[in-house]
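In order, the protein sequence lines correspond to chains E and Z.
Our numbering applies: residue 1 is where the first sequence begins, and numbers increase by one.
Our numbering applies: residue 1001 is where the second sequence begins, and numbers increase by one.
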Amino acid sequence: MPFKRFVEIGRVALVNYGEDYGKLVVIVDVIDQTRALVDAPDMERGPINFKRLSLTDIKIDIKRVPKKKDLIKAMEEADVKNKWENSSWGRKLIVRKRRAALTDFDRFKIMLAKRAAVVRQELAQLRRTAA
Amino acid sequence: MVGYKFHQYQIVGRALPTEKDEHPKIYRMKLWATNEVRAKSKYWYFMRKIKKVKKSNGQVLAINEIFEKNPTKIKNFGIWLRYQSRTGYHNMYKEYRDTTLNGAVETMYNEMASRHRVRFPCIQIIKTATIPANLCKRESTKQFHNSKIKFPLVFKKIRPPTRSLKTTYKANKPNLFM
Chain E
1 MPFKRFVEIG RVALVNYGED YGKLVVIVDV IDQTRALVDA PDMERGPINF
51 KRLSLTDIKI DIKRVPKKKD LIKAMEEADV KNKWENSSWG RKLIVRKRRA
101 ALTDFDRFKI MLAKRAAVVR QELAQLRRTA A
Chain Z
1001 MVGYKFHQYQ IVGRALPTEK DEHPKIYRMK LWATNEVRAK SKYWYFMRKI
1051 KKVKKSNGQV LAINEIFEKN PTKIKNFGIW LRYQSRTGYH NMYKEYRDTT
1101 LNGAVETMYN EMASRHRVRF PCIQIIKTAT IPANLCKRES TKQFHNSKIK
1151 FPLVFKKIRP PTRSLKTTYK ANKPNLFM
């Protein structure tokens, strides 16, 4: 299987361990075999180990180590946020976050909605067989 | 990387003034040590070897920590060192690619310990310098001097996001493809 996701300048990655867990960052330069210089609009540029990154499919067009302004502009042009939130990986993470933030009342509402949905499906089935 | 083990200090000192020498020469040294106390001690160690002055007849005039000027810029560091092996003293030149000099020095001490079994007290740093890319000597640093660098990560290590979620047994085999 050839590789599809490469470590390269402009690759968007998700941090999967450590303080910046869950953030989307852009690989801005490669330090050595184990570390990359990484930047995001809401954090300071800094080194991070590749073991803490999960590469995504998204890549933006930047030069080596761009200024923060240029990075933000390139991210807007490539529309990273929307691409991420519409990708299946991104959607799953959003759903997971939403589920983790549910209160007991929300869970109650979901239980009622699920019950009502089941009833509606059964009713639709009966109508289809009757008609 | 937060919290470097080795800090860089600048220490300025001289011998105490005597009747023979009212204004002794002032010497400045840049050192790596884990804290200021050790830095001063190391300063006198070197001063004893180079000049006829000891801590008892000398004084430290200033000790300042030197911080990295551009910790977000990747640099190639060359470190010249003198180390004591089991059979004698040797000189060495090592190159490191890092964002800060303290990080490179820490990597150097770790590498010397692992590759040559040389511990901290047996290493003397002669000189450190930031090397421009065209003067680097080692292939392992030169291979990263590529503005269009691109390589795949071959093996995805599956890790729980915090150590508290660690378990010995998992229900399924993980997918290791990146």
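Even glycine gets a Cβ: it sits at the ideal position worked out from N, Cα and C.
All figures in this text were calculated on a predicted structure; none of them were measured in a lab.
Following the DSSP letters along the chain, one finds E:Lys-109 inside the alpha helix (DSSP H) bounded by residues 104-130. Excluding residues up to 5 positions away in sequence, Lys-1166 lie with their Cβ nearer than 6 Å to the Cβ of Z:Pro-1160 in the same chain.
E:Asp-29: member of the beta strand (DSSP E) spanning 24-30, first to last residue. The DSSP-derived three-state label of Z:Gly-1003 is coil. Measuring C-alpha to C-alpha distances from Z:Gly-1078 to each of Z:Phe-1155, Z:Phe-1144, Z:Pro-1017, Z:Ala-1133 identifies Z:Ala-1133 as the nearest. Pairing E:Asp-39 with Z:Phe-1144 gives a Cβ-Cβ distance that is not under 8 Å. Neighbours of E:Val-7 across chain Z, judged by C-beta separation under 9 Å: Ile-1149, Lys-1150, Phe-1151, Pro-1152, Leu-1153. A check of alpha carbon separations from E:Leu-24 across E:Ser-54, E:Gly-46, E:Val-95 identifies E:Ser-54 as the nearest.
Nearest CB-CB separation between Z:Ile-1074 and chain E: below the 8 Å threshold.
Proximity of the region 1045-1061 of chain Z to the region 1014-1031 of chain Z meets the contact definition, three or more beta-carbon pairs being nearer than 8 Å.
Residues of the region 1031-1064 of chain Z with a Cβ closer than 8 Å to any Cβ of chain E: none.
Within the region 5-90 of chain E, the runs of alpha helix (DSSP H) at least 4 residues long that lie entirely inside it are, in chain order, 68-78, 80-86. Judged by beta-carbon spacing, Z:Lys-1049 lies beyond the 8 Å limit of Z:Leu-1031, meaning their Cβ atoms are not closer than that value.
For Z:Lys-1142, the enclosing alpha helix (DSSP H) stretches over residues 1139-1142. The beta carbons of E:Arg-5 and E:Asp-29 sit no closer together than 8 Å.
Interface criterion not met: the Cβ of Z:Arg-1138 is under 8 Å from no Cβ in chain E. Under the three-state reduction of DSSP, Z:Val-1060 is assigned to strand.
E:Leu-55 belongs to the set of residues whose beta carbon lies under 8 Å from a beta carbon in chain Z. Here DSSP, grouped into helix, strand and coil, assigns Z:Glu-1022 to coil.
In the three-state DSSP reduction, Z:Asn-1102 falls in the helix class (H, G or I). Here the alpha carbon of E:Phe-105 sits roughly 17 Å from the alpha carbon of E:Ala-116. Buried is the label assigned to E:Phe-50, since at least 16 other Cβ atoms lie within 10 Å of its Cβ. When Cβ-Cβ separations below 8 Å define contact, E:Pro-66 makes no contact with chain Z. When the beta-carbon positions are compared, Z:Ile-1063 and Z:Tyr-1009 come within less than 8 Å of each other.
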